[in-house]
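One structure below.
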Amino acid sequence: MPPISDLPLAHLLKHLSSLSTHVSENVSFRQFCQFRKFACRLKREIELATTSNLLPLRLPVYVHDFLRDAVGIDDSSAIELWDITRDDVASSDEEPDLTKDEVEVFLLHGSQDTNRKTECIGPAMFYPPSKFCLTCKAPLKGHSRYPITYFSLRFGAIGGYSSSLHCKACKIRFYPTYSVQFTKRTYYSSAVPDIIHSEEHTFVDRTVCELFTAQMVHAWVSGSNCANIYNICLTQGIPHPVNWPRSSRLLTAEQVWNAFFLNALLRDASERDIALIMNAIGLHEDRMKLAMISRNERISQYGQPQRMHACSKCEIPHYKTGQPLRGVVTDGITLGRPCCTVHNCTRPLVTNRARFCAKHMSKLQHICVADDCTEAAVKGRKTCGDPKHQAGEDAFNRNSKAFFQLKKRLANGDMPQLLDSLNGNTELIAQVIAESVESDLSHGAKSDSGNKKVKLRLARRRTHNEQLVVCCCGVIAARATMFGAEAISGVKDLLKSVYQFDKRQLPDVIFYDTNCQMQSHLQASGDTFFSNTLLPIDVFHYTSKHKVTDDFCQKHCNPAQFKELVDDAGNWKLNSSAAEQANVWMGGFLAMTREMLPHHFDFFLDEAIKRRNEWIVEGLFNAGHAPYIIPV
């Protein structure tokens, strides 16, 4: 509905000429405009008072009282103003935005003392899309309303109310953005809502969710710091209703992460043109878990949207044939999330504090933690009766608890940032120190006497690295977790799976810092999958890591020997350091992802890569590099 200032004069004069003498002498033009605006704002609320599609001739008493008090007029004036504005309100299609002062008016007069929760009014009101069942078209009943906090971009945190309605015949309850039937939550459409119902009592602007995502992806801002930035910079000092808990006025790290994950899930469903479906029972985290695992498995199987990316920066013409020559780089970056202590076990931990997955927990939790020892642990210990094993455990405990050890590690290069990101959580800090101590105690291959040191697995094992496949323009084509080591066979299998075990999809050039070992492995195993692909070592690692005396490496992997990769002026045509540059970006997530559960870890990194790729591809397009997806 257009504002008063946009109405034709004839339309406006028609309104004013019909006013009684009492109203025209006691109600100002500002009050008239405000009444009309507030009534439009409460149109959905007024509609709940009738089962028809028409607005009622008389306002519900509590709405009448609110408009009367909010505008500052008497009862008879409020009745008359509704009579002459009802048709205009009925024809309005949008809720007019409130100013900061008007938000405070809603908070002041909407939170009236009432025994009926369904009659509470606030500046942020959320309703189901219809008061009729979307399945059987019957009128909905069972109105339920509860207080919420709306984290907006414009005003910060605002108190409000959310309503739901029920269809008894279909056994469906309709909420503002989704419906619930039995144990299933179904969103109304594939479109991402402008305001996301991220938790039962929390609504978040989609633009705020996108702000959190951008902060995380491009600046490695943690969930807690996203919350701090929002609470400090975006709050407008708007008071909450007196009966609102103070804690609900401040955004928390948990709410940031819930908003991030749900926004990403909704966006993912929208891109596939389907409505998101989730569990409707259990904890909020459990409701999202299956949807997140499903997305993780889909990306693991089919890859990132930019898996087959190409552009003029990563695809060059062959110096002889002119045919396109596409290049990628693969490399690993250590982030390390907790995983099962059993080498190369990929099953998730029972809890994030456990040392084993469910399969190995029952078998190994009471077995000595020394490598290759199968004896039962002594009661009260994690080691068996072997004096050497117990001595190792004692040394571990002493070093873990010593203050000087903590101080020493806090002074270490990357530890201050890591520990700071744990927000003073003493349990997590202790685990970080314990894992570092275990690494030190197990570092040496032999003791001074020449005997092999006993290696104990007292702390949680962590995944070895994240293996990236990066186009030479910087777009990340794929990511996979290596659990035990960055083994040559594992990298080979990853590359095959990324390109769907189809030689026709393979890049023409794959840079890898140990391609000499890769080629040796391929030759020894008779594997010809990469026979039409150049496998050089990237320039940086070739000059800094590989010996000139290694004849095999010089013959097969020296990037300078491939004329396809060097122009007439001796410049490299492809950026073989793209993976190193991507690793720098990925390394910024070390602290953020350190304690994530597997489904969170994979989902977050895949989403971060996807968002970064979108940003890079847009930049490539704007720079004239003609990015496109190779059809398969």
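Numbering-wise, the sequence shown is residues 0 to 631 according to numbering that gives the first Met the number 0.
Even glycine gets a Cβ: it sits at the ideal position worked out from N, Cα and C.
Cα-Cα separation between residue i and residue j, rounded to whole angstroms
i: threonine 333; j: alanine 559; result: 29 Å
i: arginine 397; j: histidine 342; result: 27 Å
i: valine 377; j: arginine 459; result: 20 Å
i: phenylalanine 173; j: histidine 196; result: 13 Å
i: lysine 13; j: proline 7; result: 10 Å
i: leucine 261; j: asparagine 278; result: 13 Å
i: glycine 222; j: serine 19; result: 57 Å
i: leucine 289; j: leucine 15; result: 58 Å
i: serine 178; j: serine 163; result: 9 Å
i: serine 446; j: proline 630; result: Any reading at serine 446 needs caution, since the residue's pLDDT is 49, under 50, leaving its predicted position unreliable; the model's value is listed next. So the two alpha carbons sit approximately 57 Å from each other.
i: asparagine 582; j: isoleucine 120; result: 51 Å
i: glutamine 33; j: alanine 268; result: 40 Å
i: threonine 185; j: serine 143; result: 19 Å
i: glutamine 303; j: lysine 358; result: 31 Å
i: cysteine 169; j: lysine 130; result: 14 Å
i: alanine 263; j: leucine 604; result: 12 Å
i: histidine 599; j: lysine 562; result: 44 Å
i: leucine 265; j: threonine 340; result: 35 Å
i: alanine 353; j: leucine 596; result: 11 Å
i: glutamine 416; j: asparagine 227; result: Caution is warranted here: a pLDDT of 49 is assigned to glutamine 416, below 50, making its placement in the model unreliable, and no coordinate value can be reported.
i: glycine 586; j: arginine 456; result: 25 Å
i: phenylalanine 28; j: serine 161; result: 32 Å
i: lysine 387; j: cysteine 344; result: 27 Å
i: phenylalanine 65; j: glycine 281; result: 37 Å
i: alanine 77; j: valine 88; result: 14 Å
i: glutamine 322; j: isoleucine 628; result: 17 Å
i: threonine 212; j: alanine 218; result: 10 Å
Exposure of residue i, with buried meaning 16 or more beta-carbon neighbours within 10 Å
i: proline 138; result: exposed
i: lysine 36; result: buried
i: glutamate 392; result: buried
i: glutamine 580; result: exposed
i: tryptophan 614; result: exposed
i: glycine 158; result: buried
i: phenylalanine 150; result: buried
i: serine 361; result: exposed
i: phenylalanine 500; result: exposed
i: isoleucine 315; result: buried
i: glycine 155; result: buried
i: arginine 661; result: There is simply no residue 661 to check, as the chain begins at 0 and stops at 631 in what is shown.
i: histidine 21; result: exposed
i: histidine 10; result: exposed
i: aspartate 537; result: buried
i: glycine 443; result: Residue placement at glycine 443 is poorly supported in this model, since its pLDDT is 44, which falls under 50; the coordinates still yield a value, given next. With fewer than 16 Cβ atoms within 10 Å of its Cβ, glycine 443 is classed as exposed.
i: isoleucine 298; result: buried
i: alanine 622; result: exposed
i: lysine 312; result: buried
i: leucine 56; result: exposed
i: aspartate 601; result: buried
i: alanine 309; result: buried
Residue-chain proximity (residue i, chain D), Cβ-Cβ < 8 Å
i: glycine 159; result: This model lacks chain D altogether; it includes just one protein chain.
Cross-strand partners of residue i (DSSP beta bridge)
i: lysine 183; result: Gln180, Asn278
i: glutamate 198; result: Thr201
i: lysine 42; result: Bridge partners of lysine 42: none, in fact.
i: glycine 159; result: Ala123, Ile147
i: methionine 481; result: Asn464
i: isoleucine 509; result: Val327
i: arginine 172; result: His165, Val179
i: cysteine 470; result: Val327
i: leucine 455; result: Ala369
i: isoleucine 628; result: His308
i: leucine 533; result: Val508
i: isoleucine 475; result: Val469
* Asked: Enumerated in chain order, which unbroken segments of the alpha helix (DSSP H) with a length of 4 residues or greater are wholly contained in the segment 558-625?
  -> 577-586, 589-592, 597-621
* Would you call the segment 478-489 and the segment 599-613 in contact, with 3 or more CB pairs under 8 Å? -> Yes, since at least three Cβ pairs between the segment 478-489 and the segment 599-613 fall closer than 8 Å, the two stretches touch.
* Report yes or no: do the segment 113-122 and the segment 81-89 share at least 3 C-beta pairs separated by less than 8 Å? => no
* Taking three-plus beta-carbon pairs below 8 Å as touching, is the segment 250-262 in contact with the segment 198-212? -> yes
* Could you give the uninterrupted runs of the beta strand (DSSP E) lying entirely in the segment 314-386, keeping only those of 3 residues or more? -> 314-316, 323-332
* Asked: Does the segment 488-495 touch the segment 509-526, meaning 3 or more C-beta pairs lie closer than 8 Å?
  -> yes
* Asked: Do the segment 491-511 and the segment 558-578 make contact, defined as three or more Cβ pairs closer than 8 Å?
  -> Touching, per the Cβ criterion.
* **Inter-stretch contact at 8 Å, needing at least 3 Cβ pairs: the segment 88-100 / the segment 39-46** => yes
* Asked: What are the complete alpha helix (DSSP H) segments, minimum 4 residues, inside the segment 67-149?
  -> 74-90, 99-109
* **Inside the segment 254-278 only - beta strand (DSSP E) runs reaching at least 3 residues** => 276-278
* the segment 455-473 in contact with the segment 324-333 per 3-pair CB rule at 8 Å -> yes
* Asked: Which whole runs of the alpha helix (DSSP H) in the segment 201-231 are 4 residues long or more, in chain order?
  -> Whole alpha helix (DSSP H) segments, 4+ residues: 205-218.
* To do: Indicate whether the contact test is met: 3 or more Cβ pairs, each with one atom in the segment 99-109 and one in the segment 65-75, closer than 8 Å.
  => Flag = yes, the segment 99-109 and the segment 65-75 touch.
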